[in-house]
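One structure is given here, and the rest of the page talks about it.
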Amino acid sequence: MKLSQACFLTDENISKVVAHLRRIGLDVLDTKEQRWQGVEDEELLNRAYQEKRYVLTHDSDFGTLAINQGKPCYGILYLRLNNLKSSNVIKACENLFQRDIEIHPYTIWVIEDARIRIRFLTDKEQ
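Each step along the sequence shown adds one to the number in the numbering used here, with nothing skipped, and position 84 is 146.
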(Lines of atoms letter the chains of each structure in order from A and count residues from 1; the text may use other names and numbers.)
(Lines give C-alpha, C1' and ligand atoms only; values in the text may rest on other atoms or scores of the structure.)
Protein backbone atom coordinates (compact mmCIF):
# COMPACT_ATOMS: atom_id res chain seq x y z
CA MET A 1 0.00 0.00 0.00
CA LYS A 2 1.17 3.53 -0.66
CA LEU A 3 1.84 5.81 2.29
CA SER A 4 -0.89 8.21 1.15
CA GLN A 5 -3.44 5.37 1.32
CA ALA A 6 -2.67 4.43 4.92
CA CYS A 7 -4.91 5.32 7.85
CA PHE A 8 -3.51 7.12 10.87
CA LEU A 9 -4.28 7.75 14.52
CA THR A 10 -2.62 10.96 15.66
CA ASP A 11 -1.36 11.16 19.21
CA GLU A 12 -2.40 14.27 21.13
CA ASN A 13 1.02 15.82 20.53
CA ILE A 14 0.33 15.87 16.75
CA SER A 15 -3.17 17.37 16.89
CA LYS A 16 -2.10 20.81 15.67
CA VAL A 17 -1.30 19.42 12.21
CA VAL A 18 -4.37 17.19 11.75
CA ALA A 19 -6.22 19.70 9.55
CA HIS A 20 -3.22 19.90 7.24
CA LEU A 21 -2.91 16.12 7.04
CA ARG A 22 -6.56 15.89 6.06
CA ARG A 23 -6.13 18.64 3.44
CA ILE A 24 -3.52 16.51 1.72
CA GLY A 25 -6.00 13.64 1.66
CA LEU A 26 -5.02 11.45 4.60
CA ASP A 27 -7.45 9.39 6.67
CA VAL A 28 -6.76 10.69 10.19
CA LEU A 29 -8.41 9.77 13.48
CA ASP A 30 -7.36 12.40 16.02
CA THR A 31 -6.94 11.60 19.70
CA LYS A 32 -8.16 15.02 20.83
CA GLU A 33 -11.24 15.00 18.59
CA GLN A 34 -12.14 11.60 20.04
CA ARG A 35 -11.70 13.06 23.56
CA TRP A 36 -9.01 10.50 24.32
CA GLN A 37 -6.59 12.97 25.93
CA GLY A 38 -4.90 11.30 28.85
CA VAL A 39 -5.69 7.80 27.59
CA GLU A 40 -2.72 5.49 28.16
CA ASP A 41 -0.42 5.00 25.17
CA GLU A 42 -1.01 1.25 25.36
CA GLU A 43 -4.76 1.77 24.85
CA LEU A 44 -4.16 4.10 21.88
CA LEU A 45 -1.74 1.60 20.36
CA ASN A 46 -4.37 -1.11 20.77
CA ARG A 47 -7.11 1.01 19.18
CA ALA A 48 -4.84 1.75 16.24
CA TYR A 49 -4.01 -1.95 15.94
CA GLN A 50 -7.69 -2.94 15.94
CA GLU A 51 -8.51 -0.37 13.24
CA LYS A 52 -5.34 -1.01 11.19
CA ARG A 53 -4.07 2.52 11.69
CA TYR A 54 -0.52 3.76 12.01
CA VAL A 55 0.14 5.84 15.12
CA LEU A 56 1.61 9.22 14.15
CA THR A 57 3.45 10.68 17.14
CA HIS A 58 6.40 12.52 18.66
CA ASP A 59 6.34 10.09 21.60
CA SER A 60 8.94 7.29 21.64
CA ASP A 61 6.88 5.39 24.24
CA PHE A 62 4.82 3.77 21.47
CA GLY A 63 7.93 2.11 20.08
CA THR A 64 8.89 0.96 23.56
CA LEU A 65 5.48 -0.65 23.98
CA ALA A 66 5.72 -2.45 20.64
CA ILE A 67 9.36 -3.50 20.74
CA ASN A 68 10.28 -3.96 24.40
CA GLN A 69 6.90 -4.98 25.77
CA GLY A 70 5.61 -6.86 22.71
CA LYS A 71 2.28 -5.02 22.56
CA PRO A 72 0.34 -5.56 19.31
CA CYS A 73 1.19 -2.82 16.84
CA TYR A 74 -0.05 -2.22 13.30
CA GLY A 75 2.54 0.50 12.73
CA ILE A 76 4.09 3.69 14.06
CA LEU A 77 5.40 6.82 12.39
CA TYR A 78 7.59 8.43 15.03
CA LEU A 79 8.46 12.02 14.14
CA ARG A 80 11.81 12.50 15.84
CA LEU A 81 12.49 16.05 14.70
CA ASN A 82 14.78 18.64 16.26
CA ASN A 83 12.17 21.37 15.86
CA LEU A 84 8.65 20.35 16.91
CA LYS A 85 6.92 23.60 15.97
CA SER A 86 3.77 22.92 13.96
CA SER A 87 5.18 24.57 10.83
CA ASN A 88 8.23 22.28 10.90
CA VAL A 89 6.13 19.18 11.53
CA ILE A 90 3.88 20.13 8.61
CA LYS A 91 6.91 20.58 6.37
CA ALA A 92 8.32 17.20 7.42
CA CYS A 93 4.95 15.54 6.78
CA GLU A 94 4.65 17.19 3.37
CA ASN A 95 8.12 15.92 2.44
CA LEU A 96 7.26 12.44 3.65
CA PHE A 97 3.83 12.10 2.07
CA GLN A 98 4.87 13.65 -1.26
CA ARG A 99 7.19 10.70 -1.75
CA ASP A 100 4.20 8.35 -1.67
CA ILE A 101 6.41 5.37 -0.97
CA GLU A 102 5.29 1.89 -0.02
CA ILE A 103 4.37 1.27 3.60
CA HIS A 104 3.91 -2.13 5.15
CA PRO A 105 1.96 -3.14 8.24
CA TYR A 106 3.93 -4.02 11.34
CA THR A 107 6.63 -1.43 10.79
CA ILE A 108 7.98 1.41 12.87
CA TRP A 109 9.23 4.43 10.97
CA VAL A 110 11.56 6.88 12.66
CA ILE A 111 11.39 10.12 10.68
CA GLU A 112 14.32 12.38 11.49
CA ASP A 113 15.37 15.66 9.93
CA ALA A 114 17.88 14.06 7.57
CA ARG A 115 16.76 10.44 7.27
CA ILE A 116 14.07 7.81 7.71
CA ARG A 117 14.69 4.50 9.43
CA ILE A 118 12.25 1.62 9.11
CA ARG A 119 12.08 -1.33 11.47
CA PHE A 120 10.02 -4.38 10.58
CA LEU A 121 8.45 -5.89 13.67
CA THR A 122 8.99 -9.60 14.19
CA ASP A 123 6.09 -12.00 14.69
CA LYS A 124 6.80 -11.80 18.42
CA GLU A 125 6.44 -8.00 18.35
CA GLN A 126 3.19 -8.01 16.36
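Ideal Cβ placement from N, Cα and C applies to all residues, glycine included. This one's a predicted model, so the numbers in the text were calculated from it and none came from an experiment.
For Y116: DSSP bridge partner residues: According to DSSP, Y116 bridges with F70.
Residue range of the unbroken alpha helix (DSSP H) whose run includes G127: A small correction: the amino acid at residue 127 is Leu; Gly does not occupy that position in the sequence shown. Its alpha helix (DSSP H) spans residues D123 to I129.
Beta-carbon proximity check, F159 vs T169, cutoff 8 Å: no
Per-residue burial, T72 [other beta carbons within 10 Å of its own, 16 or more giving buried]: buried
Three-way DSSP call (helix, strand, coil) for Y140 in this model: Y140: strand per DSSP, three-state reduction.
Element boundaries [beta strand (DSSP E), containing L91]: D89 to D92 is the span of the beta strand (DSSP E), which, as asked, contains L91.
Sub-8 Å separation of V90 and L106 beta-carbons: no
Counted within 10 angstroms of its Cβ, other Cβ atoms place A154 as buried (16 or more) or exposed: buried
DSSP state of E164 mapped onto helix, strand, coil: strand
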